[in-house]
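First to last, the protein sequences are chains W and C.
Taking the numbering used here, the leading residue of the first sequence gets 232, the next gets one more, and so forth.
Taking the numbering used here, the leading residue of the second sequence gets 59, the next gets one more, and so forth.
To start, the structure under review is shown below, and the notes come after it.
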Amino acid sequence: MFLPMARIQIIGTRRCRDRVIQVLQAIGSVQIDEWTVHKPAIHPSSEPPVSLRDQLAYQLTRIEALLSALPDVPGVAMGDYDSYCERPPDWIAQQAQADVETVAAQAQEITKLREQLQGRLQSLPRYKATFEQLVPLIPPFLNLEHYALAAVWLTATHETALALIRGQLEQLTSGACEIITRHVDPETVAALLIFPKSHAAAVNQLLGQENIPQIRLPAELSTEPFANALQRIHEQLQSIPTQLVQLEHRENDLSLRWRSRLQTWKDVITDHLNQIDLGSQLGQSEYSFRAKGWIPANRLQQLQSELRARVGEEVLVEVLPTLGEEKKEAPILFQHSPWVKSFQPLVKLLGLPKYGSLDPTPLMALFFPLFFGMILGDVGHGTVLLAAALWIRRRYAGHSAVRSLAGVVIAGSLWGVLFGFLYGEFWGDLGHRLGMRPLLLERGKEIRALFLLTVGIGAGHVCLGLGLGVWNAVRTRARHLLLEKAATLISLTALFVLLAILARWLPKSLLTPAWILLLIGLVILIYSLGKVGVLLGPLELLGALGNILSYLRIAAIGLASVYLGHVANQLAGFAGNIVVGLLVATLFHALNVTLGAFTPAIQSLRLQYVEFFSKFYESGGRPFLPFCRSRERSSHTIIKGEK
Amino acid sequence: MELGMLALATALAIGLPAIATAYAQANIGAAGMGAIVEKPEVTATVIILVAIPETVVILGFTVAAMIILLLR
């Protein structure tokens with residue numbers, strides 16, 4: 232069922248507006264509607280504190296960036312959230328900024344160091360390979376005080392360019408130079424240029440002009456002789472992984488110390504931004520403000536007393552009367568037992584029902600697993616699904632969506648086990664071979680009875696839907712809808728009586744009353760559908776009949792599963808070897824169980840949506856989204872302390 | 059001969075609606091997926107639309123089953 236909602240108006244003096252907003256957020260049980268201007272005296276606030284909002288938004292962006300950069304290690308939860316929520320926003324902005332600066336500086340340093348180390352880890356092996364080739368080329372007698380070295384790599388196809396460089400280098404240095412080359416591999420030639428230090432700038436210019444890239448050492452090694460540099464490269468390559476691990480530890484430590492604090496700032500700032508935004512959406516004049524919204528009726532008194540206690544007499548909460556269409560605009564807050572709650576996602580898939588209409592969730596919780604079980608109808612399959620669902624429910628206890636889904640499967644598989652006993656099925660016909668007997672009917676053989684059962688259940692289900700449609704129409708005073716649903720129900724009842732007379736279950740004396748009833752039903756149906764009723768009326772009735780026949784899918788899909796089970800057991804018998812037989816049977820039954828998890832769910836869901844809900848369901852409701860603190864927003868459909 | 063014809067009728071009764079349903083579902087499914095990508099809130103509507111043609115094959119199955127029951 233839906234929790235009853237009350238339409239409220241909050242009126243207060245302008246000076247207590249911010250405090251009221253703060254208290255409303257702390258209580259977290261009022262959904263505030265955006266103010267629409269009705270009277271010239273009350274306008275949505277046009278003066279949000281832009282600069283403060285920008286400051287908070289800027290800090291929030293920085294905090295989010297830091298949170299995404301820091302590793303997600305479980306930290307010590309900070310218990311200051313509630314007290315920070317009461318602080319003024321400028322204090323929040325200052326404190327958050329100070330913390331962000333501290334963390335950002337450390338995080339940036341770590342990031343910079345890591346990037347440097349990772350860059351070196353990538354580049355140093357290239358230097359190492361190069362210098363391992365070049366160092367043996369350096370003459371041992373070379374005096375590095377007077378001579379400079381430049382190393383270049385050329386592709387073998389450009390080797391001829393070396394002669395050109397040699398000529399120009401000799402010209403530059405008046406012959407006081409040497410070029411030593413070595414083939415690194417068939418594709419590459421390494422060359423070492425030796426020349427007086429006084430010509431270093433000219434040589435660099437020459438290589439630049441000829442577009443020949445030099446192999447330059449990292450800055451900190453650039454002053455080292457090549458042989459020493461090679462030794463240093465070896466050392467660095469060995470030490471960098473350790474340094475990276477140390478950095479990781481440092482980063483984890485930083486995250487451990489700051490993450491939960493940053494998360495708290497994020498939540499607190501988000502809350503304050505929401506307060507500022509709400510403040511700009513309220514209607515207000517020079518001295519007062521007004522807000523309209525919805526609250527669960529059972530929380531109204533608490534809201535009034537809290538506002539009185541924490542704000543004073545300058546604010547007033549009054550209940551507004553809700554009439555007609557306005558009542559239907561109330562947000563939806565379900566109140567279900569945990570069992571029925573599992574089926575809420577299936578109803579929400581169709582869109583929330585309108586406030587004041589019928590809540591179909593308990594009906595979904597009853598009929599969905601019933602039809603699921605009727606289709607599945609096997610003790611073995613049901614037990615496997617039940618075990619799997621129980622395990623999933625326990626394994627993913629923290630995921631509400633998975634828990635709900637598991638709850639649905641648990642209910643369905645329980646019905647599956649029950650119908651397994653009613654049909655006498657255990658892993659197909661294995662139960663029958665072991666002496667198990669059906670308590671109701673044997674699906675594989677008593678097809679006619681199975682058809683009658685499913686069509687009978689379909690007739691009952693569709694008529695229940697129509698009955699609920701009539702009830703809904705009476706409640707909402709929708710005359711045409713009432714006539715349409717009632718006429719369809721009357722016509723269907725007349726048709727059932729006629730069919731029962733044909734089957735000789737009822738006396739022939741009822742034939743004339745049944746025809747008259749059918750005629751009355753059709754006439755009302757045609758009248759209720761307006762000008763095109765003559766065409767649509769019979770079609771509507773045929774549609775309802777088609778809906779009932781559609782329940783034959785319960786028999787059809789179930790029979791497919793029965794026959795697949797038979798095939799599995801027969802093939803296992805043909806194998807002639809117990810191991811191969813077991814393997815074949817397991818394979819086929821596994822396929823059957825997998826299909827048994829999905830197909831009955833889809834078919835049962837379709838029966839609810841198309842055949843049943845279409846008779847009474849009124850979608851278009853909106854969820855209850857109270858104005859609350861961000862740490863409570865995840866449970867917005869359930870108010871604090873409420874089941 | 060008559061038995062053979064009845065068997066053929068049974069196969070056609072289930073086979074032809076199955077082909078028709080598959081054709082309809084292929085088109086509805088493809089269009090539905092496109093719609094879901096644009097508007098995820100229409101998921102339930104698409105499920106319903108995809109499931110609607112299945113009634114045809116269920117009715118075909120019923121007719122086929124009736125023929126088989128006649129054969130017994």
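Glycine included, C-beta positions come from ideal geometry on N, C-alpha and C.
* **Amino acids of chain C, ordered along the chain, whose beta-carbon sits closer than 9 Å to that of W/I678** => A123, I126, L127
Self-check item: Closest residue to W/L813 among W/R626, W/R530, W/M236, W/L661 (Cα-Cα distance)
Solution: W/L661
### Task
Along the alpha helix (DSSP H) that carries W/I242, what are the first and last residues, could you check?
Careful: W/I242 lies outside any alpha helix (DSSP H), inside the beta strand (DSSP E) at 236-244.
Name, please, each residue of chain C whose Cβ falls closer than 9 Å to the Cβ of W/S781. E112, T113, I116, L117
Answer with buried or exposed for W/G764, where buried requires no fewer than 16 other C-beta atoms within 10 angstroms of its C-beta.
buried
### Message
Does any residue of chain C have a CB that is nearer than 8 Å to the CB of W/Y840?
### Response
yes
Taking C-beta to C-beta, are W/S792 and W/N823 nearer than 8 Å? yes
Please look up how many angstroms separate the CB atoms of W/V500 and W/I323, rounded, as I've assumed it's under 8 Å. Sequence check: residue 500 of chain W is Ile here, not Val. With 8 Å as the limit, W/I500 and W/I323 qualify as a contact, their Cβ atoms being about 6 Å apart.
Q. Name the chain A residues that come within less than 8 Å of W/R837, Cβ to Cβ?
A. The question asks about chain A, but that chain is absent: this structure's protein chains are W and C.
Using the C-alpha atoms, what's the distance from C/I72 back to W/K676? 19 Å
With a CB to CB cut of under 7 Å and the five nearest residues on each side skipped, what residues in its chain are close to W/D321?
L283
| said: Just checking: is the beta-carbon of C/T68 within a distance shorter than 8 Å of some beta-carbon in chain W? | reply: no
Exercise for review: Would you mind sorting W/P562 into buried or exposed? The rule is 16 or more other CB atoms within 10 Å of its CB.
Suggested key: buried
**Prompt:** Distance, Cα to Cα, W/S588 vs W/L554?
**Reply:** 14 Å
Taking Cβ-Cβ distances below 8 Å as the criterion, which residues of the segment 570-586 of chain W are in contact with chain C? L580, L581, G582
Exercise. Can you give me the Cβ contacts of W/V610 inside the same chain, cut-off strictly under 7 Å, excluding the 5 residues immediately before and after it?
Key: V648, G651, F652, E656, F657, G662
Original post:
How do the segment 92-109 of chain C and the segment 756-774 of chain W stand: do at least 3 beta-carbon pairs fall below 8 Å, yes or no?
Top reply: no
* Which class does W/D416 belong to by DSSP, given the choice of helix, strand or coil? -> strand
| task | Indicate whether at least one CB of chain C lies closer than 8 Å to the CB of W/R626. | result | no
What does W/G696 touch in chain C if you count any residue whose Cβ is under 7 Å from its own?
-> Residues of chain C passing the Cβ test: none, with the nearest at roughly 15 Å.
Secondary structure at W/V546, three-state DSSP: helix, strand or coil?
strand
Please confirm whether W/A787 has its beta-carbon closer than 8 Å to some beta-carbon of chain C.
yes
### Message
Let me see if you follow: with CB-CB separation under 8 Å, is W/R674 close to chain C or not?
### Response
no
| said: I need the boundaries of the beta strand (DSSP E) containing W/S850, first residue and last residue. | reply: Segment: none, W/S850 is in no beta strand (DSSP E) and carries neither H nor E.
- prompt: Mind pulling the chain C residues with CB within less than 9 Å of W/G851?
  reply: Within chain C, no residue comes near W/G851; the closest Cβ sits about 12 Å away, beyond 9 Å.
Where C/T79 meets chain W, residues with beta-carbon distance less than 7 Å: Those do not exist, as C/T79 stays about 12 Å from chain W at its closest Cβ, beyond 7 Å.
Could you name the residues of chain W that C/A102 contacts, counting a contact when the two beta carbons are closer than 8 Å?
L580, L581, G582, Y840
task: Could you spell out where the alpha helix (DSSP H) holding W/V578 opens and where it closes?
output: 575-579
request  = Any chance you could list the alpha helix (DSSP H) runs of at least 4 consecutive residues sitting entirely within the segment 609-697 of chain W, in chain order?
outcome  = 610-626, 631-654, 661-664
- Task: Please state if the CB of W/L742 and the CB of W/I732 are separated by a distance shorter than 8 Å.
- Result: yes
ask   = Just how far apart, CA to CA, sit W/S635 and W/L772?
value = 36 Å
Report yes or no: is there a C-beta of chain C within less than 8 Å of the C-beta of W/G827?
no
Just the Cα atoms here: how many angstroms apart are W/A680 and W/Y782?
14 Å
Please list the residues of the segment 752-783 of chain W that have a C-beta atom closer than 7 Å to any C-beta atom in chain C, keeping them in chain order. G777, L780, S781, L783
Going by C-alpha distance, which of W/L538, W/L856, W/G700, W/S861 is nearest W/F565? W/L856
### Query
How close, in whole Å, do the beta carbons of W/L720 and W/L697 come, if the pair is a contact with beta carbons under 8 Å?
4 Å
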